[in-house]
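Here the sequence shown is numbered in full-length UniProt numbering, starting from 1 and rising by one per residue.
Even glycine gets a Cβ: it sits at the ideal position worked out from N, Cα and C.
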Amino acid sequence: MKKLLSLTLALIMVLSLSVAVFAADPDPYYPDDMSQVTINVTYKAANTETTSPAEDFTFNYTKTEVTNAATGVDVDDMPDLTIGNAHFDEGVAQTSPATANGSVTISLPAVASFPSVGIYTYIIRPQAGNTAGVTYYAEDIRLVITVIEATGGKRRIAAVHTETDGGKKANNIDYLYSAGKLNVTKVVDGNLGDRDKEFNVTVTFTAPANEKVKSVISYTDGTTKTIEISAWKEENGSKQAEVTIALKHNETVTFTNIPYDVTYEVVEADYTSTENGKYDAAKYNFTDAAKKVDSASDTVTITNTKNSPVDTGIALDSLPYVLLIAVAVVGVVIFTSRKRSRREY
1 MKKLLSLTLA LIMVLSLSVA VFAADPDPYY PDDMSQVTIN VTYKAANTET
51 TSPAEDFTFN YTKTEVTNAA TGVDVDDMPD LTIGNAHFDE GVAQTSPATA
101 NGSVTISLPA VASFPSVGIY TYIIRPQAGN TAGVTYYAED IRLVITVIEA
151 TGGKRRIAAV HTETDGGKKA NNIDYLYSAG KLNVTKVVDG NLGDRDKEFN
201 VTVTFTAPAN EKVKSVISYT DGTTKTIEIS AWKEENGSKQ AEVTIALKHN
251 ETVTFTNIPY DVTYEVVEAD YTSTENGKYD AAKYNFTDAA KKVDSASDTV
301 TITNTKNSPV DTGIALDSLP YVLLIAVAVV GVVIFTSRKR SRREY
């Protein structure tokens with residue numbers, strides 16, 4: 001009986017000790033209030049009849065400031081973030097409504113990774129890409145994480161918000177794809193201008209410096225054709241694409257989906273020699289003197305003129321005067337003849 005009582009007391013003491021040890025080491029953290037922050041991303045098109053290139057919008061960050069933290073805690077002690085990308089497939093950007101909606105997710109550090117209570121500020125920086133025609137979001141975004149000591153001595157993330165440098169709430173990022181058209185029109189003029197003749201025209205596109213054209217440009221020259229991305233070659237330090245089209249009188253070839261800031265040269269073959277038709281030198285009329293795509297539509301009109309005097313024997317515009325002189329001469333002859341006849345009698 002005494003042995004049983006002793007064993008029972010020993011068991012009670014062991015259990016009491018276990019409970020005391022458990023109670024002395026409580027979990028010092030709440031489960032994370034927030035594990036991530038999501039920022040909406042919109043991809044829009046400036047003009048209709050354009051096809052946006054596929055894009056991965058990327059971001060990085062810097063650790064900027066720590067306030068109200070324990071002594072000695074500074075930016076070097078701030079835990080790391082994990083930031084994803086915002087991916088958009090080709091052709092999804094629209095003018096209105098902007099159907100290309102996505103998001104970028106920022107994974108927050110666990111509360112246990114913060115060295116103390118305090119206010120931790122990060123700067124999220126959208127990265128500028130090099131796709132021609134795309135306007136990248138350029139404003140920094142401040143991510144502010146507040147860590148507090150809550151009820152029961154547990155630490156928790158109490159607040160997370162994003163704002164611009166000006167203090168405005170930042171929960172949406174906009175990107176824009178801008179592309180336009182180039183219309184190349186032929187006019188044949190002059191009394192000997194052949195309106196059934198085809199004139200060859202070379203169009204050369206040049207990409208902006210340090211940018212890549214990732215858009216397919218389409219045009220119709222008898223059949224629908226495209227300038228593929230692979231057609232852009234390095235020429236004189238710039239990326240260029242060149243095509244030759246054939247135009248008759250009153251025909252127009254329209255190039256579509258040309259990214260903004262792409263420049264163009266339009267040069268017609270020489271038709272001034274006798275074997276090529278002996279036309280006057282071609283005249284060009286550009287609606288944009290800078291020859292740069294920066295609006296919905298540009299046009300260049302090329303006029304070829306061929307005139308020659310027409311030998312009709314008698315100029316038609318002098319014929320009435322010639323007839324009057326002839327009538328006058330006939331009248332004089334008749335009058336003179338009558339006077340002679342009278343004298344003879």
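Legend entry - Residue closest to Val-41, alpha-carbon to alpha-carbon, out of Ala-86, Asp-196, Asp-77, Ser-107: The residue among Ala-86, Asp-196, Asp-77, Ser-107 with its C-alpha nearest the C-alpha of Val-41 is Ala-86.
Inset, instruction - Return the CA-CA distance between Lys-233 and Thr-244, expressed in angstroms with no decimal places. - result: The C-alpha of Lys-233 lies about 16 Å from the C-alpha of Thr-244.
Inset, instruction - May I ask you to report which of helix, strand or coil DSSP gives Thr-95? - result: In the three-state reduction of the DSSP assignment, Thr-95 falls in the coil class, being assigned neither a helical nor a strand state.
Inset, instruction - Measuring only between beta-carbons, confirm whether Leu-182 sits less than 8 Å from chain D. - result: Considering every chain present, this structure includes no chain D. It has just one protein chain.
Legend entry - Segments assigned beta strand (DSSP E), at least 3 residues, entirely inside the region 133-209: Counting whole runs of 3 or more residues, the region 133-209 contains the beta strand (DSSP E) stretches 141-149, 155-164, 172-177, 179-189, 199-206.
Legend entry - Beta-carbon proximity list for residue 347, same chain, < 8 Å, skipping 5 on both sides: As shown, the chain starts at 1 and ends at 345. That puts residue 347 outside it, with no answer to give.
Inset, instruction - Helix, strand or coil for Ala-231, going by three-state DSSP, please let me know. - result: Note: Ala-231 maps to helix in three-state DSSP.
Inset, instruction - Provide the residue(s) that pair with Ala-86 in DSSP beta bridges, ordered along the chain. - result: Paired residue(s): Phe-57.
Legend entry - Where Ala-45 sits in the DSSP three-state scheme: If DSSP states are grouped into helix, strand and coil, Ala-45 belongs with the strands.
Legend entry - Residue(s) in a DSSP beta bridge with Glu-265: Bridge pairing for Glu-265: Thr-204 [DSSP].
Inset, instruction - Look at Ala-70 and Tyr-177 and say whether their C-beta atoms are less than 8 Å apart. - result: Contact: no.
Legend entry - Three-pair Cβ contact test at 8 Å for the region 284-301 versus the region 172-192: Using a Cβ-Cβ distance cut-off of 8 Å, the region 284-301 and the region 172-192 are in contact, since at least three pairs of beta carbons, one from each stretch, lie closer than that value.
Legend entry - Three or more C-beta pairs below 8 Å linking the region 212-228 and the region 270-281: Because the criterion of three Cβ pairs below 8 Å is not met, the region 212-228 and the region 270-281 do not touch.
Inset, instruction - Give every residue of the same chain whose Cβ lies closer than 7 Å to the Cβ of Asp-89, excluding the five residues on either side of it in the sequence, and list them in chain order. - result: These residues qualify, in order along the chain: Ala-54.
Inset, instruction - Evaluate contact between the region 126-140 and the region 107-117, counting only Cβ atoms and requiring at least three cross-stretch pairs below 8 Å. - result: Result no; under three Cβ-Cβ pairs closer than 8 Å.
Inset, instruction - For Ile-325, count neighbouring C-beta atoms within 10 Å of its own C-beta (all shown protein chains included) and say buried if the count is 16 or more, exposed if not. - result: Classification of Ile-325: exposed, given that the 10 Å Cβ count is below 16.
Inset, instruction - Return the first residue and the last residue of the beta strand (DSSP E) that Ala-246 is part of. - result: It spans 238-247 - the beta strand (DSSP E) in which Ala-246 sits, taken as one unbroken run.
Legend entry - Buried or exposed (CB count within 10 angstroms, at least 16 for buried), Val-293: Under this definition Val-293 is a buried residue.
Legend entry - Sufficient close CB pairs (3 or more, under 8 Å) joining the region 188-198 to the region 152-159: The region 188-198 makes no contact with the region 152-159: fewer than 3 CB pairs, one atom from each, lie closer than 8 Å.
Legend entry - Best match in Val-117, Tyr-264, Val-310, Ala-269 for proximity to Ala-289 [C-alpha to C-alpha]: The shortest C-alpha to C-alpha distance from Ala-289 to any of Val-117, Tyr-264, Val-310, Ala-269 is the one to Tyr-264.
Inset, instruction - Just confirm the distance between the C-beta atoms of Asn-250 and Tyr-279, as a whole number of angstroms; I'd bet it's less than 8 Å. - result: Asn-250 to Tyr-279, Cβ: 16 Å. No contact.
Inset, instruction - Flag Tyr-175 as yes when its Cβ comes closer than 7 Å to any non-hydrogen atom of the ligand SAH, and as no otherwise. - result: Ligands are entirely absent from the displayed structure, and the ligand SAH is therefore not among its contents.
Legend entry - Pairwise C-alpha distance: Ala-170 and Thr-62: Ala-170 has its alpha-carbon roughly 17 Å from the corresponding atom of Thr-62.
Inset, instruction - Could you tell me which residues DSSP pairs with residue 347 in its beta bridges? - result: The question about residue 347 has no answer here: the residues shown for the chain are numbered 1 through 345.
Inset, instruction - Measure the CB-CB distance between Ser-107 and Ile-39 and report whether it falls below 8 Å. - result: With a cutoff of 8 Å on beta-carbon distance, Ser-107 and Ile-39 are scored as not near each other.
Inset, instruction - Within 10 angstroms of the Cβ of Lys-186, are there 16 or more other Cβ atoms? Answer buried if so, exposed if not. - result: Lys-186 comes out buried.
Legend entry - N- and C-terminal bounds of the beta strand (DSSP E) containing Asp-221: First-last of the beta strand (DSSP E) with Asp-221: 217-221.
Inset, instruction - Less than 8 Å between the CB atoms is what I'm expecting for Tyr-120 and Val-66, so what's the real figure, rounded? - result: Their Cβ separation, rounded to whole angstroms, is 6 Å, which keeps Tyr-120 and Val-66 in contact under 8 Å.
Inset, instruction - Could you tell me the boundaries of the beta strand (DSSP E) in which Ser-35 lies? - result: Here Ser-35 belongs to no beta strand (DSSP E), and DSSP marks it neither H nor E.
Legend entry - Option nearest Thr-223 by Cα separation, candidates Thr-254, Gly-84, Pro-97: For Thr-223, the nearest C-alpha among the options comes from Thr-254.
Legend entry - Supposed contact pair Thr-206 and Val-266 - C-beta distance, whole angstroms, cut 8 Å: Val-266 to Thr-206, Cβ: 12 Å. No contact.
Legend entry - Residue range of the unbroken beta strand (DSSP E) whose run includes Asn-285: Asn-285 -> beta strand (DSSP E) spans 283-286.
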